[in-house]
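**Q** Got a structure for you, written out below as structure tokens; questions coming shortly.
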Amino acid sequence: MTAAALRTGVLGLAAALLAAQASAGRAAEPLPPLVALDVGHSHARPGAVSARGVPEFEFNLALARRIEAELAAAGIGARLIGADGLADDLFARSPQAAGTRLLLSIHHDSVQEKYLRPWTYGGEARRHTTHARGWSLYVSRRTPREAASLACAAAIGRSLAAAGLPIARHHRDPATGKPRPWADHAAGVHYYDNLIVLRTAEVPAVLLEAGVILHRDEEKLLSRDAYRAKLARRIVAGIRRCL
Ligand SMILES: [Zn+2]
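Its first residue numbered 14, the sequence shown is counted upward by one per residue in the numbering used here.
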């Protein structure tokens, strides 16, 4: 190797190192949050308890983290709300979505008391249902961002439905006592006007019930990382369409 060739080689190596450092620097920079992911419930108020005794909050947090990772892979920053499990004030959640373009509140579903049946799991008396399974989405009409909220909810719902993931039907059932009217039947979106996190939001806001954790088979699916990843991919595909 001549001196000139060596110099070129060294310079090339230095340039490659600089480029690698710059790209590592870029990767380390946090993405500006475009989506707020509200982790439903808290340690003190954990929501529903699954058929096998796992609090809803744990399902919500695991799915929110999976969606956050999927958004990051798509170059979209997210801000988690309530991930520490300490957010007990429902009115303090939506203000934390300020500056983002969508608030997505993550929940897992139950059914009415009358549809719960006793069973024993791990030596403990538990309850389960065969009445309902599937996901559902909610928007409020009591927000100035109703149209944008519905557009995002419908985009997420169409993406989930297109993957063959079943829509829960029990929230339209008059027998539940509080039927939630369809906002977009084919996309699995209901109106739930008074939900605090939705009606207090100043950005478009959607609530997702990802599945029924009182349904033993669906709970098993929702506990698997591969299934969460599938849900997250479909949810993020819908979010990308509406953003
Ligand atoms: Zn919930």
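Backbone N, C-alpha and C define an ideal beta-carbon position, used for all residues, glycine too.
Just to confirm my understanding: we take A29, look at its own chain, exclude 5 residues before and 5 after, and list those with CB closer than 6 angstroms. What are they?
**A** Residue placement at A29 is flagged as unreliable, the pLDDT there being 47, under the threshold of 50; the coordinate-derived value follows with that caveat. Answer for A29: no residue qualifies.
**Q** If the criterion is Cβ atoms closer than 8 angstroms, does the pair H141 and A86 meet it?
**A** no
**Q** If you compare alpha carbons, which of E69, S172, L163 is closest to S123?
**A** E69
**Q** Inspect the beta-carbon positions of R114 and L208 and report whether they are closer than 8 angstroms.
**A** no
**Q** Are three or more beta carbon pairs between the segment 119-137 and the segment 73-84 nearer than 8 angstroms?
**A** As far as the Cβ criterion goes, the segment 119-137 touches the segment 73-84, which means the pair count is three or higher.
**Q** For D230, does the count of other Cβ atoms within 10 angstroms reach 16, so buried, or fall short, so exposed?
**A** exposed
**Q** If you drop the 5 nearest sequence neighbours on each side, which residues of the same chain put their C-beta closer than 8 angstroms to that of A250?
**A** Exclusion of the five residues before and after A250 leaves S172 as the residues of its chain whose Cβ lies within less than 8 angstroms of its Cβ.
**Q** If you reduce the DSSP assignment to three classes, tell me which class L99 lands in.
**A** coil
**Q** Relative to ligand 1, is the shortest distance from any of its heavy atoms to the C-beta of A218 smaller than 7 angstroms?
**A** Checking every heavy atom of ligand 1 against the Cβ of A218, none is found closer than 7 angstroms.
**Q** Which residues in the same chain have their Cβ closer than 6 angstroms to the Cβ of P194, if we skip the five residues on either side of it in sequence?
**A** Y204
**Q** Can we count G60 as close to ligand 1, meaning its CB is less than 7 angstroms from some heavy atom?
**A** yes
**Q** Indicate whether A61 and I226 have their beta-carbon atoms separated by less than 8 angstroms.
**A** yes
**Q** Output the boundary residues of the alpha helix (DSSP H) element that contains A175.
**A** 159-175
**Q** Indicate, with yes or no, if ligand 1 has a heavy atom lying under 7 angstroms from the CB of G53.
**A** Yes, the beta carbon of G53 sits closer than 7 angstroms to at least one heavy atom of ligand 1.
**Q** Straight-line CA distance for A166 to L93?
**A** About 19 angstroms.
**Q** Return helix, strand or coil for L221, following the three-state DSSP convention.
**A** strand
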